[in-house]
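Q: One point on numbering: in the working numbering, the residue at position 334 of the first sequence is 346, and numbering is uninterrupted. Glycine included, every Cβ here is placed at the ideal spot set by N, Cα and C. Keep in mind the model is a prediction, meaning the values are calculated, not measured.
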Amino acid sequence: MASPLKLYDTMTRSVLPVKAVDGKQFRFYCCGPTVYGPAHIGNFRAFLVQDVLRRTLQISGLNPYHVRNITDVDDKTIRTAQEEGKSLKEFTQYWIDKFHADSEALNILPPHQEPKATDHISQQIDLVQKLIKQDLAYSSSDGSVYFKVSAYEPYGKLSRLKDRETETQFLTSAGEHNDADEYDRESVADFALWKSRKPEDGENFWASPWGEGRPGWHLECSAMSQAYLGENFDLHAGGIDLCFPHHENEIAQSEGATGKPFARHWFHNAHLQVEGEKMAKSLGNMYTLEDLEKKGFSPTEIRYTLISGHYRQPLNFTIASLGAARSAIKKIEKLLRGNLEKIGMTEKAFTQINVTHLSGNWGHFTRAWDGLCNELNVSQTTGGIFAGFVSLEKENLDSDSIKNELSALAGILYALGIQLFKAGESEPVEIPESISAIAEERWQAKQARDWEKADGLRRELSEQGWQILDRKDGFDLKSL
RNA sequence: GGCGCGGUAGCCAAGUGGUAAGGCCGAGCUCUGCAAAAGCUCUAUGCGUCGGUUCGAUUCCGACCCGCGCCUCCA
Numbered sequence: 013m014a015s016p017l018k019l020y021d022t023m024t025r026s027v028l029p030v031k032a033v034d035g036k037q038f039r040f041y042c043c044g045p046t047v048y049g050p051a052h053i054g055n056f057r058a059f060l061v062q063d064v065l066r067r068t069l070q071i072s073g074l075n076p077y078h079v080r081n082i083t084d085v086d087d088k089t090i091r092t093a094q095e096e097g098k099s100l101k102e103f104t105q106y107w108i109d110k111f112h113a114d115s116e117a118l119n120i121l122p123p124h125q126e127p128k129a130t131d132h133i134s135q136q137i138d139l140v141q142k143l144i145k146q147d148l149a150y151s152s153s154d155g156s157v158y159f160k161v162s163a164y165e166p167y168g169k170l171s172r173l174k175d176r177e178t179e180t181q182f183l184t185s186a187g188e189h190n191d192a193d194e195y196d197r198e199s200v201a202d203f204a205l206w207k208s209r210k211p212e213d214g215e216n217f218w219a220s221p222w223g224e225g226r227p228g229w230h231l232e233c234s235a236m237s238q239a240y241l242g243e244n245f246d247l248h249a250g251g252i253d254l255c256f257p258h259h260e261n262e263i264a265q266s267e268g269a270t271g272k273p274f275a276r277h278w279f280h281n282a283h284l285q286v287e288g289e290k291m292a293k294s295l296g297n298m299y300t301l302e303d304l305e306k307k308g309f310s311p312t313e314i315r316y317t318l319i320s321g322h323y324r325q326p327l328n329f330t331i332a333s334l335g336a337a338r339s340a341i342k343k344i345e346k347l348l349r350g351n352l353e354k355i356g357m358t359e360k361a362f363t364q365i366n367v368t369h370l371s372g373n374w375g376h377f378t379r380a381w382d383g384l385c386n387e388l389n390v391s392q393t394t395g396g397i398f399a400g401f402v403s404l405e406k407e408n409l410d411s412d413s414i415k416n417e418l419s420a421l422a423g424i425l426y427a428l429g430i431q432l433f434k435a436g437e438s439e440p441v442e443i444p445e446s447i448s449a450i451a452e453e454r455w456q457a458k459q460a461r462d463w464e465k466a467d468g469l470r471r472e473l474s475e476q477g478w479q480i481l482d483r484k485d486g487f488d489l490k491s492l
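Right, here's the structure in full:
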């Protein structure tokens with residue numbers, strides 16, 4: 013049988029088995045993108061890890077229900093939309109479409125619900141009112157509303173930052189003496205639930221009991237997770253940077269308003285480094301999917317690379333690792349092809365195996381499956397795939413047994429979201445007539461054992477970007 | 001200063017109280033006119049440093065060194 017899925021929980025700092033508390037559906041919420049530009053591979057690492065989680069839940073029979081929001085109103089979206097002279101809606105829709113296209117290319121399953129902040133203003137206002145009623149929030153003279161951190165005793169339990177107000181004030185002064193002065197807050201620790209309308213907001217404001225304005229960033233996740241998943245649910249995911257303050261504030265808002273526990277399990281992925289350095293705009297290493305595709309890498313290769321390390325460890329993303337991923341995928345395909353030939357199964361039939369009806373017998377790929385159950389240890393899983401092939405080769409299994417083994421493998425690959433045999437990704441290139449003519453001439457020279465001429469023509473082809481792959485009875489041409 | 005993560009072969013990266021998965025690269029061999037491609041084989045007495053516990057530690061404990069992340073709106 014499948015081992016139970018275990019994951020690290022940030023709240024308790026321990027590895028716990030995950031399960032749907034209602035026994036029917038595993039309900040989880042992921043903090044989604046802020047749509048003001050193309051998502052970079054660091055963003056996608058988070059969404060890919062969450063996707064592997066969802067797929068693993070699915071294969072485990074935990075029936076996942078996945079909600080991921082879109083932040084379509086905040087300082088950056090408003091500012092950038094204004095700069096481009098577009099309405100907020102038009103502007104964000106463009107980047108939402110781009111995000112969806114990239115996600116699809118990376119084989120990220122769409123969430124079951126994908127709520128936008130601007131579609132849930134009233135729910136957010138309701139939540140703020142509840143908090144005010146309970147004296148956990150107050151409105152300031154300018155019509156903004158703040159959460160009163162000092163009134164919420166458990167504040168800080170997720171990130172375990174105590175007394176951080178004084179600490180941060182003291183030590184982050186290098187950064188910026190916050191815009192603390194700019195706002196009418198009782199304490200720098202307090203965070204905005206509702207921001208009053210400012211001239212630079214342009215037309216982007218909504219009516220509220222406190223006057224015109226817009227919701228604060230943390231509010232949407234509390235309001236929308238409650239709207240789609242209820243007051244409490246099974247798991248909440250996001251990048252490690254969101255642990256504080258975003259998730260801490262979500263907890264304060266949600267638990268403060270309902271008096272009930274919020275998410276039962278907190279799932280945070282580590283960040284990405286690029287070529288050993290922090291990924292940052294100033295370093296020019298914030299790759300987008302498009303950047304990498306321009307370098308000739310396929311989305312499958314990019315996906316493989318981004319999920320290849322343990323999600324709780326920083327992953328050092330390098331161009332060389334993309335090449336390694338390419339070779340590794342080819343090797344899996346090769347090993348798989350050998351087995352498919354043995355049992356007379358086509359590549360297409362393999363890709364169509366129904367993975368939702370797996371028996372739970374992982375055969376030689378048990379180690380690979382155990383890796384996923386073991387805190388989504390993808391490194392163990394990919395290692396287990398190769399090791400599985402090796403041990404498979406050692407046995408002389410009959411056709412049915414091999415078929416079962418390959419079904420198990422199909423399940424593993426589904427969980428990883430790695431689609432094989434997508435040769436179509438690199439479009440078959442038309443061979444120009446001039447090139448095939450040279451190649452043919454070179455083949456004739458070779459047959460005539462005129463090595464000098466043959467090698468000269470081969471060099472010529474290579475200069476024009478084509479490589480000759482000789483077979484016994486002919487040759488293939490490959491674009492370099 | 002607070003909270004947290006890590007240091008394993010040329011690179012990436014798992015892992016275990018009993019002697020180091022896997023991938024990439026590289027090397028050798030086979031094949032080949034020569035290459036390429038393909039196939040086969042090989043590649044850490046070693047797991048940041050120094051102590052300690054132990055029959056035995058890379059794995060546990062302690063100290064130290066180095067790198068990284070978060071600390072008010074960055075996945």
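According to the Cβ coordinates, are I71 and P45 closer than 9 Å?
A: In this structure, P45 does not lie closer than 9 Å to I71 by Cβ.
Q: L348: which of T92, F362, A336 and E302 sits nearest, CA to CA?
A: Here the closest residue by C-alpha is F362.
Q: Measuring only the C-alpha atoms, how far is F256 from L352?
A: About 49 Å.
Q: So D202 and Y164 are supposed to be a Cβ contact under 8 Å. How far apart are they, rounded?
A: Between Y164 and D202 the Cβ distance is about 10 Å, and since that is not below 8 Å, they are no contact.
Q: Could you check what DSSP says for F159 in three-state terms: helix, strand or coil?
A: In this structure, F159 counts as strand in the three-state DSSP scheme.
Q: Suppose you measure from the CA of E243 to the CA of Q146; what does that come to, to the nearest Å?
A: Taking the straight line joining both Cα atoms gives about 17 Å.
Q: Output the distance between the C-alpha atoms of K306 and G268, rounded to the nearest integer angstrom.
A: C-alpha separation (whole angstroms): 48 Å.
Q: Between I263, E212, G225 and G250, which has its C-alpha nearest A235's C-alpha?
A: Nearest of I263, E212, G225 and G250 to A235, Cα basis: I263.
Q: State the DSSP-derived secondary structure class of L118, mapped to helix, strand or coil.
A: DSSP places L118 in coil when its eight states are reduced to three.
Q: Which ranges would you report for the beta strand (DSSP E) in the region 19-67 if only whole runs of at least 3 residues count?
A: Runs of the beta strand (DSSP E) inside the region 19-67: 26-29 and 38-42.
Q: In angstroms with no decimal places, state the Cα-to-Cα distance between K484 and A451.
A: Taking the straight line joining both Cα atoms gives about 15 Å.
Q: Can you give me the start and stop residues for the beta strand (DSSP E) that A204 sits inside?
A: First-last of the beta strand (DSSP E) with A204: F203 to S208.
Q: Between the Cα of S411 and the Cα atoms of W374, K354 and A466, which residue gives the shortest distance?
A: The residue with the shortest Cα to Cα distance from S411 is K354.
Q: Indicate the three-state DSSP secondary structure (helix, strand or coil) for S491 in the structure shown.
A: Correct three-state label for S491: strand.
Q: Counting pairs of Cβ atoms below 8 Å between the region 50-60 and the region 294-308, do you hit three or more?
A: As far as the Cβ criterion goes, the region 50-60 touches the region 294-308, which means the pair count is three or higher.
Q: Quick check on this structure: which residue in A204, Q141 and D131 has the alpha carbon closest to the alpha carbon of S220?
A: It is Q141.
Q: Considering just the uninterrupted stretch of the beta strand (DSSP E) at W261, what are its terminal residues?
A: The sequence given here has Asn at residue 261, not Trp. Premise fails: N261 lies in the alpha helix (DSSP H), E260 to T270, not in any beta strand (DSSP E).
Q: Along the chain, where does the alpha helix (DSSP H) containing F398 start, and where does it finish?
A: Counting along the chain, the alpha helix (DSSP H) containing F398 begins and ends at V390 to K406.
Q: Can you list, in chain order, the residues of its chain with a C-beta nearer than 7 Å to that of S419? Leave out the 5 residues immediately preceding and following it.
A: Cβ neighbours of S419 beyond the five flanking positions: I365 and L370.
Q: Taking 8 Å as the threshold, find out whether the region 279-291 comes into contact with the region 321-328 through three or more Cβ pairs.
A: A contact exists between the region 279-291 and the region 321-328.
Q: Just the C-alpha distance for Y240 and L65, rounded to the nearest angstrom, thanks.
A: When rounded, the distance between both Cα atoms is 19 Å.
Q: Mind checking which residues open and close the alpha helix (DSSP H) that includes H230?
A: Unbroken alpha helix (DSSP H) run through H230: W229 to L241.
Q: Here's a check: name, in chain order, each residue in its chain whose Cβ is nearer than 6 Å to the Cβ of R209, leaving out the five neighbours to either side.
A: F217, E224 and G225.
Q: Count the CB pairs spanning the region 86-94 and the region 270-281 that are closer than 8 Å, and state whether there are at least three.
A: No: fewer than three Cβ pairs fall under 8 Å.
Q: Given a threshold of 16 other Cβ atoms within 10 Å of its Cβ, counted over all protein chains shown, does V61 qualify as buried or as exposed?
A: It counts as buried.
Q: How long is the line joining the alpha carbons of E177 and F377, rounded to whole angstroms?
A: Note that E177 scores a pLDDT of 47, beneath 50, so its modelled location is shaky; the value from the coordinates is reported in the next line. Looking at the two C-alpha atoms, the distance is approximately 50 Å.
Q: Applying the criterion that 16 or more other CB atoms from any shown protein chain within 10 Å of the CB defines a buried residue, is V402 buried or exposed?
A: Burial call: exposed.
Q: Whole angstroms are fine: how far does the CA of E95 sit from the CA of D131?
A: Those two C-alpha atoms are separated by around 23 Å.
Q: Leaving out five residues on either side along the sequence, give the residues of the same chain with a beta carbon under 6 Å from the beta carbon of E179.
A: Unreliable placement is indicated for E179, whose pLDDT of 41 sits below 50; no coordinate value is reported for it.
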